[in-house]
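Worksheet: one structure, shown below.
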Amino acid sequence: MEIYRIEAFQDNYIFVLHDADRHEAAVVDPGDAGPVLRQLEHLGATLTAIFNTHHHSDHVGGNRQLLDQFPAAQVYGGVEDRGRIPGQTHWLEDGDRVSFGDRPALVIFVPGHTRAHIAYYFAPVSSDGWGELFCGDTLFAGGCGRLFEGTPQQMLTSLTKLRQLPDTTRVWCAHEYTLNNLRFAITVDSGNPTLRARLEQVQADRAHHRPTVPADLGLEKQTNPFLRWDVAALQQAVDSTAAVQTFARLRGKKDLF
Ligand code: ZN
Ligand code: FE
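Take the sequence shown: its letters are residues 2 to 258, numbered as in my numbering.
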């Protein structure tokens with residue numbers, strides 16, 4: 002399975018999964034159909050699946066137009082998103098299994114950004130391989146999604162699930178927010194040398210318009226403040242030791258950053 006990253010709108014990423022042997026493709030969160038159709042044409046692939054993480058228009062806005070071209074494509078989304086995802090054919094719950102080509106994926110229910118948000122995790126195919134996590138607007142490189150429909154407790158639970166995945170997981174998040182996220186991170190975790198080095202790297206990357214997605218989950222665990230609510234430095238930064246309160250205060254500070 003090859004993964005292609007497509008830029009859309011201001012700062013969205015859409016991901017096309019390609020099974021070259023079967024000449025089939027799937028797409029994750031097609032907010033816009035145009036660039037996806039161009040990629041499919043370039044690959045000479047038939048679209049068989051749309052994997053949506055949540056109902057926001059920058060993630061589902063291209064569904065209808067893609068279905069016009071590929072009416073047999075299956076449309077996956079969370080069960081709680083019933084009625085909110087155009088063309089949805091499969092309503093997924095935590096622990097469900099889906100597949101693309103020969104690759105199975107685990108569905109992880111991750112409410113918080115919205116009340117229905119799900120993520121898709123493709124486990125590695127070999128013991129030394131990488132897993133692929135498509136997490137929409139839940140976990141970002143260096144940050145996490147805003148809480149539009151969920152509570153801090155829900156988001157904390159969701160991020161706890163994602164934090165349990167192996168370090169060798171690529172994080173395919175749906176927005177290029179990394180530089181701003183890390184600029185915030187350094188304000189609450191200034192003594193973290195790994196974070197400082199990452200911020201410098203990302204500053205250089207963005208100065209040259211290089212994408213910072215996919216991120217590396219092992220590095221996220223060391224540098225993303227929203228995976229580090231139980232680390233003393235972050236607890237001190239928001240004067241709290243209770244997990245939910247620490248997380249909520251970090252998220253609140255970020256909202257104002
Ligand atoms: Zn969203
Ligand atoms: Fe979004």
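Beta carbons are placed, not taken as given, at the ideal position from N, Cα and C, and that holds for glycine.
What are the partner residues of residue i, as DSSP defines its beta bridges?
i: I15; result: I7
i: Y77; result: F52, H91
i: E25; result: D20, T47
i: W173; result: F135
i: P105; result: S100
i: D217; result: R171
Check each candidate in the options and name the one with the smallest Cα separation from residue i.
i: V162; options: S191, R6, A175, L107; result: The residue you asked about is not Val; residue 162 is Lys in the sequence shown. Comparing Cα positions, the closest option is L107.
i: Q155; options: F248, L183, R85, D240; result: F248
i: L44; options: G192, K254, E3; result: E3
i: W230; options: G88, R211, R164; result: R164
i: G168; options: W131, K254, R184, A208; result: According to the sequence shown, residue 168 is Asp rather than Gly. The residue with the shortest Cα to Cα distance from D168 is W131.
i: Q70; options: A34, N182, D82, P105; result: A34
i: D97; options: D103, F110, D12; result: F110
i: F101; options: P194, E150, N64, L18; result: L18
i: A74; options: R85, R104, Q89; result: Q89
If we count the other Cβ atoms within 10 Å of its Cβ and call it buried at 16 or more, is residue i buried or exposed?
i: P215; result: buried
i: E262; result: No information on residue 262 is available, as it lies outside the stretch 2 to 258 that the chain covers here.
i: L134; result: buried
i: V126; result: exposed
i: T170; result: buried
i: R39; result: exposed
i: D20; result: buried
i: T213; result: buried
i: D59; result: buried
i: L257; result: exposed
i: E185; result: Position check: residue 185 holds Phe in this sequence, whereas Glu was assumed. Counting Cβ neighbours within 10 Å, F185 comes out buried, since at least 16 surround it.
i: G192; result: exposed
What is the DSSP secondary structure of residue i, counted as helix, strand or coil?
i: L236; result: Here residue 236 turns out to be Gln, not Leu, going by the sequence shown. Helix, per DSSP.
i: S100; result: strand
i: F110; result: strand
i: E150; result: coil
i: G144; result: strand
i: I119; result: strand
i: F248; result: helix
i: N225; result: coil
Exercise for the section: Report yes or no: do three or more beta-carbon pairs, one from the segment 42-59 and one from the segment 18-33, lie closer than 8 Å? Expected result: Using a Cβ-Cβ distance cut-off of 8 Å, the segment 42-59 and the segment 18-33 are in contact, since at least three pairs of beta carbons, one from each stretch, lie closer than that value.
Exercise for the section: Mind the definition here: the segment 195-213 touches the segment 223-235 only if three or more C-beta pairs lie below 8 Å; say whether that holds. Expected result: Judged by Cβ distances under 8 Å, the segment 195-213 makes contact with the segment 223-235, as three or more pairs qualify.
Handout entry: Cβ contact check for the segment 228-242 and the segment 201-211: 3 or more pairs under 8 Å
Key = Result no; under three Cβ-Cβ pairs closer than 8 Å.
Problem - Segment contact, 8 Å Cβ cut-off, at least three pairs: the segment 137-150 with the segment 108-119 - result: A contact exists between the segment 137-150 and the segment 108-119.
Practice task
May I ask you to verify whether the segment 173-193 touches the segment 143-161, counting CB pairs closer than 8 Å and requiring at least 3?
Solution key: Contact between the segment 173-193 and the segment 143-161 is present, because at least three Cβ pairs lie under 8 Å.
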